[in-house]
Amino acid sequence: MQRFTCPSCGLRDEQEFHYISEPKPRPASKVGDAEWGQYLYFENNEKGAHKELYRHLCGTLVLVERDTRSHRVLSSRGATETGI
Amino acid sequence: MSQSHRLKKGGEINRRRRLSFLFEGRPYEGYQGDTLASALIANGVRLVGRSFKYHRPRGLYTAGAEEPNGLLDVTLGDRHEPNARATLVDLAEGMIARGVNADPDLESDRNARLDSFARFIPAGFYYKTFMRPKWADYEPKIRQLAGLGRLDPSSVAPPQDLRHARCDLLIVGAGPAGLAAARAAAGSGLSVWLVDLERRLGGQLLWRQTEIDGQAGATWAEAVGGELESAGVRIMIRTIAAAYYDQNRILLLEHHDRAEDGDGWPGERLWVLQAKRVILATGAHERPLVFPDNDRPGIMSASAAAVYAKRYAALAGRKLLVATNNDDGYESAVVLKRVGADVMLCDLRTTPSQTLLSAMDEAGIAVAVGHQPLKIHGKLALNGVSLGRTSTSVAAKGGAGGSLGREADLLCLSGGWSPAVHLLSQSGGKLRYDPEITAFRPSSSVQEAESVGAANGSFALQDCLSEGHRAAQAALSALGAKTTAEPPRGSEEAPYGSSAIQPFWRSRVQGARQWVDFQNDVTAKDVALAAREGYVSVEHLKRYTTLGMATDQGKTSNINGLAILGEETKRSPGEVGTTTFRPPYTPLSLAAIAGLKRDRLVSLSRQLPALAAHLESGAALRDYGIWSRPACYPREGESEAAAIQREALQARQQVGLLDGSSLGKIAVVGPDAATFVNRLYYNRLDNLKPGRLRYCLMLNETGIVLDDGVVARQSEERYLLSPSSSHSDHVLHTLEEWHQGEWPDLKVHILDETQAWATLSVSGLRSRDVMEMLSTDIDWSDAALPHMAFASGQVEGVPARIARVSFTGERGYEISVPARYGAALWRHLISLGRPFGITPYGIESLSVMRAEKGYILIGRDTDGTTMPQDLGMLGPLKNKDIDYVGRRSLWLPEAKRHGRRQLVGLQVLDEAGPLENGAHTIEEKGGRMVSTGYVTSSYMSPILRRPIALALLAQGRALQSAGAQIEVFHLGSRRPAKVVSPCFFDPKGGRLHD
């Protein structure tokens, strides 16, 4: 069981979090089909340090950085604090 | 004879308390303190099971959690457990136990003949042989032959407990290493938990000849237990650490000791424990030796025989042969000799140490050096063993006489010890093979866990004590505390303290079956076959032969199996490697995992605020998503189907009342509210005037329709969204995600008001008449409140929101009042509406009426491919030129693809009633039938008196304009239908306004 820190609620169990996606900048709507498809459907799935967006039970969006090999959480903070 | 194999004295049993039990229908007696296994042994019972695949007779092999054979069907009172591990079951008065996988009973199992065909059914046989026409045709029969116990459906497990807790230091295992650790941590001020699956602290100290700090090992263990308790250490006996998850999250399964009083099944409690540091002192498991027929009843792990003798005063045999490839087997032999057994020892090694040999001489134990068991005599119970020289390789038949032989009723095997590394491996820790101990031992931890003692591959007593002590010191200092205890000093009775070992992974006897995995019936030959067929990875070996895949997870078999694979492929065990250990360490019952989440607690449904009033109106409740809602309101003697038709007709022709409280009510408030909702919805919302409503679609970023609903603009800076009941939470989350993740600069608040308001919907020809009966400040005239208008005011003295909106196609009014007034308003409207013929109607009736109008339900009339243009909503696609969620995807090639499935109506052309929901529309293509779409909503329409259906159909709109006739296929039958508009009733929509 992993635990992440929600900026509103503190250290909480993984099961209170809902995975959304990797944080990725939304391209302008003028981009070509290929680039838009890349944004929609492709994720990096880094082995090692990896950023992910989760939504906590309370509604807060949390940006978690963790090592996907060891499941060690490197940082977790509110998405709005930092921008993504 | 009762307890024929019970020793006169000794053991941890309470001889004053006799417990009677049944095994295989025969009555036996045991003592309080016995496990089911030790009681069977005390009664001389040999045969306890039939093996999984070949139905081989099997006896108890171990005394602990690693038991591969002793799975019994156990009943106590109204509780039944189909595959209880006899070594872990506390004996209780009145317990009824039977062997599993035997028909009619263990001794005369009719499937035992399978064993004679064994050479025709090696690993993979079933999958290779029963392929044509398909495996599924054979599977049921084969499953019947192989297997474990059967569930008794009448047995209902009482609800189990699930608890969450946290501690500073968890110590798993209360043998010498675990006790030394706990002793060092006690009194440090930290919260320390010590768990052990046994009922008594001490682990192997309870049967070995040891001395610690001047006391006998077992006495020391008891004294330490007392010290720990008074120092506030939480000691949990009969508790299995079942799983080690990320970030030091441990699952503990605690057995309550209610069986102590003989009055009930031991209860179980699951603990989810969050520990800061963990010390793993889980000990080790003794491996079998691999030789022909090494699985016969009467063959047992040497340490287990010693455990039964010392701890339970139960002698598994009187005339014993101990076979060993290591020094530790000698200690078991001496322990057994001292309790009065006649013991002979055979050492597979040719040069055991002289000190050992002279010690055996002194103890009166004859030793056959360089010998191995060659042939086992006795099938259901052992009666003799022939020995042969280890160095010679012989054929199973013919030369199997051997140079030495012995009558024996028990053969004890000591093949060396495998550290119980399961939890460490689960935690992500790594292992390495150590040829010194011929086993895998921990090499590194990933989490805050340290392995000590035998679990770390350190078998000598002083090493166990020192490692435990040091690990606790390290854990304490990491947590900012200190130990005050001195490390304990221990000594073992020389010369058995040595763990010198020489591997003999299998005997060199040719042609006979040598068992590696007892529980899953895997032989050395199966392993060799896997290697020959190219399954040289240990993971492939496991899956091909099922080695280690039984419920014992190969605790006694994995190392032997992978070492034999190594021999076959000329690799060392270290090069072969181990498979990954996965939780749980021992099987967990589903009841323990479920805890209290059973029956109605499995999933709680939301109740409508006016529930009581619905029940008065005769509601038939059903679950719709998370909500419990009235399906319809059948009158006395009326079927639900008839009620639905009646309600759907009456609500049009007169007036109907529906509870729509579950509909989402999400407010978006703030200076940027208009900008925000305009970006979130497909339809334009910035130009919506305050006091007006608009029907809108919400898309996801791939352009797929996520939800639909009516949006009200309450004021310049306040929008009220009403997403569908079952999508409301999802829409709320989506709004938050976009706000926080993409546009945190927009000044809006998003408020979920869903459960604060009760919403009742009055709809039908006479709906306005009912409204006008209300005492209110709302002007109901169509000029003031036209279709798709919104108003706020008071109704019967309470605050109310009114939405002039309709999901039935009739004039409709939605009245929202604070939730606590919902029931009162329902009763009031029913009584006001009586003169106008008001009927309550439920979701099913609503569903018919909305389908008559071609109004869609998202997720039913749309699927994961439906885009707005497929529903015929083209306006915003063409005219809304700001960027909104999903917009770009509506211009992808897929969105513009010719032949997308579009929403249409289907008119049935035969007399066979409504089409089946989900039936496919088909066409013939090159002689084959292909699906072109499917029926999404199909009903008998009471107002039209004919069946109607909505469908998603490839090129639906073109087919509709052409008035095409298609075929609908369902379960082999084909029916003709005409493609029509999805709106079957009042296509001009006059009834909404008139």
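Residue numbers (the numbering used here), protein chains in the order written: chain U, 81 to 164; chain L, 61 to 1054. Positions of the beta carbon are idealized from the N, C-alpha and C atoms, including for glycine.
Residues are counted here when their Cβ sits less than 9 Å from a Cβ of chain U; for the region 486-509 of chain L these are Gly488, Val506 and Gln507, given in chain order. Chain order gives no chain L residues near Ala129 of chain U, where near means a beta carbon separation below 9 Å; the closest approach is about 16 Å. If you draw a straight line from the Cα of Gly655 of chain L to the Cα of Val662 of chain L, it is about 10 Å long.
DSSP, read as helix, strand or coil, puts Ser852 of chain L in strand.
The alpha-carbon separation between Thr926 of chain L and Gly685 of chain L amounts to approximately 21 Å. About 5 Å separates the CB atoms of Leu340 of chain L and Leu483 of chain L; that is less than 8 Å, so the two are in contact. Residue environment for Gln570 of chain L: exposed (fewer than 16 other C-beta atoms within 10 angstroms of its C-beta).
A contact is defined here as three or more CB-CB pairs under 8 Å, and the region 496-510 of chain L fails this definition with respect to the region 196-210 of chain L. Two segments are said to touch when three or more pairs of C-beta atoms, one from each, lie closer than 8 Å; by this definition the region 740-753 of chain L does not touch the region 701-716 of chain L. Taking CB atoms only, Arg135 of chain U has a neighbour in chain L less than 8 Å away. Between the alpha carbons of Asp147 of chain U and Ala652 of chain L lies a gap of roughly 32 Å.
Thr762 of chain L belongs to the set of residues whose beta carbon lies under 8 Å from a beta carbon in chain U. Under the rule that a run must span 3 or more residues, the beta strand (DSSP E) segments found entirely inside the region 815-886 of chain L read 817-823, 850-855, 858-863 and 872-878. DSSP places Glu145 of chain U inside the beta strand (DSSP E), whose first and last residues are Leu141 to Asp147. Residue state for Ser251 of chain L is assigned as coil, using DSSP reduced to three classes. Residues of chain U whose Cβ lies closer than 8 Å to the Cβ of Ser949 of chain L are, in chain order, Trp116 and Leu120.
Taking the beta carbon of His793 of chain L as reference, the chain U residues within 7 Å of it are Arg135, listed in sequence order.
Going by DSSP, Ser991 of chain L is part of the beta strand (DSSP E) stretching over Arg988 to Ser1001. In summary, Glu593 of chain L is exposed, with fewer than 16 beta-carbon neighbours lying within 10 Å of its beta-carbon over all protein chains present. Around the Cβ of Asp943 of chain L, a 10 Å sphere holds fewer than 16 other Cβ atoms; the residue is exposed. When CB distances to chain L are screened at a threshold of 7 Å, the residues of the region 137-163 of chain U falling below it are Gly139, Leu141, Ser150, His151, Ala159 and Thr160, in chain order. Per DSSP, the unbroken beta strand (DSSP E) holding Gln967 of chain L starts and ends at Arg961 to Val968.
Taking 8 Å as the threshold, the shortest C-beta distance from Arg1005 of chain L to chain U does not fall below it.
Around the beta carbon of Asn129 of chain L, a 10 Å sphere encloses 16 or more other beta carbons of the protein chains shown; the residue is thus reported as buried. Gly130 of chain L is bridged by DSSP to nothing; it lacks a bridge partner.
Residue ranges of uninterrupted alpha helix (DSSP H) with 4 or more members, entirely inside the region 136-201 of chain L and ordered along the chain, are 185-189.
Any Cβ of chain L closer than 8 Å to the Cβ of Ser88 of chain U would place that residue at the interface, and such an atom is absent.
For Ile619 of chain L and Lys69 of chain L, the gap between their C-alpha atoms comes out near 37 Å. Within the DSSP secondary-structure output, Gln432 of chain L pairs in a beta bridge with L:Gly448. The region 604-673 of chain L is shown to contain whole alpha helix (DSSP H) runs of 4 or more residues at 618-628, 633-636 and 650-654, in chain order. For Tyr755 of chain L, the uninterrupted beta strand (DSSP E) segment begins and ends at Arg752 to Leu759. The beta carbon of Glu796 of chain L sits closer than 8 Å to those of Ile810, all from its chain and outside the five residues before and after it, given in chain order. If you ignore the 5 residues before and after Glu96 of chain U, its C-beta comes within less than 7 Å of the C-beta of His136 and Leu137, all in its own chain and listed in chain order. Proximity of Arg83 of chain U to chain L, defined by a Cβ-Cβ separation below 8 Å, is satisfied.
Think of a sphere of 7 Å around the beta carbon of Arg92 of chain U: no beta carbon from chain L falls inside it, the nearest being about 12 Å out. Segment contact: the region 729-737 of chain L against the region 928-938 of chain L, fewer than three CB-CB distances shorter than 8 Å; contact not assigned.
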